[in-house]
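Report on the following structure.
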């Protein structure tokens, strides 16, 4: 076996990580879809010949964890003997792909020149339309076949040549063929970039050195994770929560999880959760496994790159046919269940380690989208955004204000400039919500207030599954108000909704109010100077400062607060001394 020194190991490891990051840069530069190049709704991974994760690029954590599952299923379906140099395979069958049908996974084998298999490359990205029953996003499907054309593991490139029949099948089954085909080719370009770099690495260092480095990386990842897991509190904790609905009825959906840290294993058991439901909030098992990987990784090796070793102690239990293990033909399109489940798992763990974990961060991702015909181009548009929420307070500091939900990792919101240019939405207001963060010794971060006016007709889609139950707090902190979506505010049609597709006309309006994070600790123990700073910044009102935090002496707010949500007060830095 090849003997490695530490320097060589680190150099080769860095080369492998850089190859994944260069794939990411290629995808961002060449994609057609704002959800890819702006939001970064993608995941790119590099594997060895045994399908073990070696390196991944910065991306959506759910996708990265799901790539492991889908690659194994795709290779099993196609068969190793049927994979050749230059092949690229498309997989979007939800139960194998660990995501809904629009999260298209492409993978490619990498072979040495005229030689054996080296490994695999995988890139997953969200496509905007692939022939589902509704344009944009499917909110009320009752069968997977309503959610788009399905590919179980189909070659889109064979031995280096595009498979024209499959490309045309994709093109003719999309309402947005230019964008979808553009993203298809962007993903292929990313795979080709990774292939070149992997071959260069092997040529530079030799296959034995690269393989020895991979073995050492994975062994080190597993050792670090097991050591960190052993240092955590040992025990078993259970939490419960509800989703608003399944998109078909208004009935809440019960979620339950038991998390156990014992005997070197991290076990997440969803027994007691609802059976699979009629609407599209059911989770493919691979997607459920991916969210559990996110939690384990964040607890044990948050500052280390991922590989197959970093999730080795994970055990995930979810019975087939239940909410967290969908089976054919159960619908899976609206995967917001996974976002709420991240908070559910953390809620269970926080019982055993409240000093290590934050309170709930907004509880969910308030997503929205507009679908319509662009007046300048005459083409269909479907552009989405995931709203920021406040992060939960911790035992040591306040939660972050108006940030991507903790499940979104490095995902970004869609810029207003893109949304206004590409849709019929005009944004009249976007600002921090005063008093939206849960009060505490360390308060939850604030949420966001956004007002939208429509300048062209179309459909507005709100996608959110936690508006009826408040996000949770810790150690005597207070829960913030839940997320809210208000259609047609100030009119006789005003309506609060969660997940809904709504026809809108020119001049109609929508208000989005995202939740802040939960508070951590008794609000009366908060440093009064911090409360004064919060009031000066507009995060906390003078009224809440007096009634909840017990800090008084603030000037009365003027009418400016009613317009902007920020209190205009007098005194040094906007406050008077208490």
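Residue numbers (our numbering): 235 to 812. Don't be surprised by glycine CBs; every beta carbon is placed ideally from N, CA and C. None of these values were measured; they are calculated from a predicted model.
Sub-7 Å separation of residue 683 and residue 665 beta-carbons: Position 449 of the chain shown, counted from the first residue, corresponds to residue 683. Position 431 of the chain shown, counted from the first residue, corresponds to residue 665. Contact: yes.
Residues of its chain near residue 420, where Cβ-Cβ distance is below 6 Å and the 5 sequence neighbours each way are ignored: The count along the chain shown starts at 1 and reaches residue 420 at position 186. For residue 420, where only same-chain residues beyond five positions count, the Cβ hits under 6 Å are 261, 264 and 265.
Selection from 408, 405 and 542 that minimises the alpha carbon distance to residue 458: Within the chain shown, numbered from 1, the residue matching residue 458 stands at position 224. Among 408, 405 and 542, the Cα nearest to that of residue 458 belongs to 542.
Cα-Cα separation between residue 508 and residue 488, rounded to whole angstroms: Position 274 of the chain shown, counting from 1, holds the residue named residue 508. Position 254 of the chain shown, counting from 1, holds the residue named residue 488. Our two residues, residue 508 and residue 488, have alpha carbons roughly 5 Å apart in a direct line.
Same chain only: Cβ atoms within 6 Å of residue 549, ignoring 5 sequence neighbours per side: On the chain shown, residue 549 is found 315 positions in, with the first residue counted as 1. The residues are 499 and 501.
N- and C-terminal bounds of the beta strand (DSSP E) containing residue 604: As a position in the chain shown, residue 604 is number 370, starting the count at 1. Where residue 604 is concerned, the enclosing beta strand (DSSP E) stretches over 601-607.
Stretch pair the stretch 606-617 + the stretch 648-659: three plus CB contacts closer than 8 Å: Flag = yes, the stretch 606-617 and the stretch 648-659 touch.
Residue environment, residue 315, which counts as buried when at least 16 other CB atoms sit within 10 Å: Sequence index remark: in the chain shown, residue 315 carries index 81 (1-based). So residue 315 ends up on the exposed side.
Residue interval of the alpha helix (DSSP H) (run including residue 422): What you label residue 422 is simply residue 188 of the chain shown in a count that begins at 1. Element bounds for residue 422: 411-439.
As assigned by DSSP and simplified to three states, the class of residue 379: In the chain shown, the residue the question calls residue 379 occupies position 145. Residue state, collapsed to three classes: helix.
C-alpha distance - residue 439 paired with residue 312, whole-angstrom precision: Position 205 of the chain shown holds residue 439. Position 78 of the chain shown holds residue 312. Computed Cα separation, rounded: 31 Å.
Beta-bridge pairing of residue 281 - partner residues as DSSP gives them: On the chain shown, residue 281 is found 47 positions in, with the first residue counted as 1. Beta-bridge pairing links residue 281 to 287 and 354.
Straight-line Cα distance separating residue 254 from residue 291: What you label residue 291 is simply residue 57 of the chain shown in a count that begins at 1. What you label residue 254 is simply residue 20 of the chain shown in a count that begins at 1. Straight-line measurement puts the Cα of residue 254 at about 5 Å from the Cα of residue 291.
Delimiting residues of the beta strand (DSSP E) encompassing residue 473: Counted from its first residue, the chain shown places residue 473 at position 239. Unbroken beta strand (DSSP E) run through residue 473: 469-477.
Start and end residues, beta strand (DSSP E) containing residue 531: Counting from one through the chain shown, the residue named residue 531 turns up at place 297. In this chain, residue 531 is not harboured by any beta strand (DSSP E); it is covered by the alpha helix (DSSP H) spanning 519-534.
Extent of the continuous alpha helix (DSSP H) run through residue 260: The residue given as residue 260 occupies position 26 in the chain shown. Element bounds for residue 260: 240-264.
Residues bridged to residue 620 [DSSP beta-bridge criterion]: Numbered from 1 along the chain shown, position 386 holds the residue referred to as residue 620. Note: residue 620 sits in a beta bridge opposite 601.
Bridge partner(s) assigned by DSSP for residue 342: Stepping through the chain shown from its first residue, residue 342 is reached at position 108. Per DSSP, 355.
Segments assigned beta strand (DSSP E), at least 3 residues, entirely inside the stretch 305-337: Those beta strand (DSSP E) runs which fall completely within the stretch 305-337 and span 3+ residues are 322-325.
Three-state class that DSSP yields for residue 631 in the structure shown: For the purposes of this step, residue 631 is taken as residue 397 along the chain shown, with counting starting at 1. Coil, per DSSP.
Integer-rounded CB distance, given that residue 539 should sit under 8 Å from residue 251: Sequence index remark: in the chain shown, residue 251 carries index 17 (1-based). Sequence index remark: in the chain shown, residue 539 carries index 305 (1-based). Confirmed, about 6 Å.
Exposed unless 16 or more other CB atoms sit within 10 angstroms - verdict on residue 638: Here residue 638 refers to the residue found at position 404 when the chain shown is read from its first residue. Its Cβ being crowded by 16 or more others within 10 Å, residue 638 is buried.
Supposed contact pair residue 766 and residue 785 - C-beta distance, whole angstroms, cut 8 Å: On the chain shown, residue 785 is found 551 positions in, with the first residue counted as 1. On the chain shown, residue 766 is found 532 positions in, with the first residue counted as 1. Sure, about 7 Å apart at Cβ, within 8 Å.
Exposure label - residue 562; buried when at least 16 CB within 10 Å: Here residue 562 is taken as the residue at index 328 of the chain shown, counted from 1. Exposed, since its Cβ has fewer than 16 Cβ neighbours within 10 Å.
Coil, strand or helix - residue 503 by DSSP: Translated into the one-based positions of the chain shown, residue 503 becomes position 269. Residue 503: strand per DSSP, three-state reduction.
Nearest-angstrom Cα separation, counted from residue 270 out to residue 331: Walking along the chain shown from the start, residue 331 turns up at place 97. Walking along the chain shown from the start, residue 270 turns up at place 36. Linking residue 331 to residue 270 through their CA atoms gives a straight-line distance of about 18 Å.
Beta-carbon proximity of residue 388 to residue 324, cut-off 7 Å: Here residue 388 is taken as the residue at index 154 of the chain shown, counted from 1. Here residue 324 is taken as the residue at index 90 of the chain shown, counted from 1. Contact flag set, yes.
Where residue 778 falls: helix, strand or coil (DSSP): The count along the chain shown starts at 1 and reaches residue 778 at position 544. Three-state DSSP puts residue 778 in a helix.
Selection from 288, 690, 436 and 450 that minimises the alpha carbon distance to residue 241: Taking the first residue of the chain shown as position 1, residue 241 is located at position 7. Among 288, 690, 436 and 450, the Cα nearest to that of residue 241 is on 450.
The stretch 559-579 in contact with the stretch 667-685 per 3-pair CB rule at 8 Å: Verdict: no, contact absent.
DSSP bridge partner residues for residue 754 (one or two, in chain order): As a position in the chain shown, residue 754 is number 520, starting the count at 1. According to DSSP, which records beta bridges pairwise, residue 754 is partnered with 676 and 708.
Distance between residue 579 and residue 238 (C-alpha atoms, nearest Å): Taking the first residue of the chain shown as position 1, residue 238 is located at position 4. Taking the first residue of the chain shown as position 1, residue 579 is located at position 345. Distance between the alpha carbons of residue 238 and residue 579: 39 Å.
Of the listed residues 521, 259 and 520, nearest to residue 428 (C-alpha basis): Start at 1 with the first residue of the chain shown, and residue 428 comes out as number 194. When each option's Cα is compared against that of residue 428, the closest is 259.
Assigned exposure category for residue 375 - 16 Cβ within 10 Å defines buried: Your numbering for residue 375 matches position 141 in the chain shown. So residue 375 ends up on the buried side.
Identity of the residues DSSP links to residue 666 by a beta bridge: Along the chain shown, read from residue 1 onward, the residue named residue 666 stands at position 432. Residue 666 has 682 as its beta-bridge partners, per DSSP.
Terminal residues of the beta strand (DSSP E) in which residue 694 lies: By one-based count along the chain shown, residue 694 stands at place 460. Note, residue 694: beta strand (DSSP E), 692-697.
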